[in-house]
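Engineer:
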Amino acid sequence: MPTLHVLSDSPFTDASLSSCLRLLNEDDGLLLCGDAVYALLADTPQLQALELIPDSIQLYALEEDVQARSIDAPACAQVIDYPEFVRLSLKFAKVNSWL
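Each residue of the sequence shown is one higher than the last, beginning at 14 in the numbering used here.
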């Protein structure tokens, strides 16, 4: 069952990102929002890990949070707005918010 995984905690203070990456299945999606977008910072182990996920798993980042933190999103992440977030929530069979 394709799942959209939603992460909001900083990857520098929480292990949710590494735990989530281990559990991702083919055709899942991963949305970074809030402080989780810090995983997109250049030259970090977190970004290197994200760049290694299979192409069948889509990586998304919430535009408002990327802009608020002045992060340049890498090519591996599709930056989306809130209406697209809602569409993704309906597209995937399940939404899992990592707390």
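Backbone N, C-alpha and C fix where the C-beta goes; we use that ideal spot for every residue, glycine too.
Since tyrosine 51 is in the beta strand (DSSP E), which residue starts that stretch and which ends it?
Structural biologist: Per DSSP, tyrosine 51 belongs to no beta strand (DSSP E) and is neither H nor E.
Engineer: For leucine 72, is the classification buried or exposed, using 16 other Cβ atoms within 10 angstroms of its Cβ as the cut-off for buried?
Structural biologist: It counts as buried.
Engineer: Do you know whose CA, among Leu63, Ala28 and Asn38, lies nearest leucine 112's CA?
Structural biologist: Among Leu63, Ala28 and Asn38, the Cα nearest to that of leucine 112 belongs to Ala28.
Engineer: In chain order, what residues of the same chain have a beta carbon less than 7 Å from the beta carbon of leucine 60, not counting five sequence neighbours either side?
Structural biologist: Around leucine 60: Ala52, Leu53, Leu54 and Pro87.
Engineer: At the level of alpha carbons, what is the spacing between proline 69 and aspartate 40?
Structural biologist: Here residue 69 is serine; the residue named in the question, proline, does not match the sequence. Computed Cα separation, rounded: 5 Å.
Engineer: Who are valine 108's beta bridge partners in DSSP?
Structural biologist: The partner list for valine 108 (beta bridge, DSSP) reads Leu17.
Engineer: How big is the Cα-Cα spacing for alanine 62 and isoleucine 93?
Structural biologist: In a straight line, the C-alpha of alanine 62 is about 21 Å away from that of isoleucine 93.
Engineer: Restricting to Cα atoms, I'd like to know which of Phe105, Ala90, Pro58 and Lys104 is closest to cysteine 46.
Structural biologist: Of Phe105, Ala90, Pro58 and Lys104, the residue nearest in Cα terms is Ala90.
Engineer: Check the DSSP bridge columns for valine 13 and list the partner residues they point to.
Structural biologist: Nothing about residue 13 can be read from this structure; the chain reaches only from 14 to 112.
Engineer: Which residues bound the beta strand (DSSP E) around leucine 43?
Structural biologist: Element bounds for leucine 43: 42 to 45.
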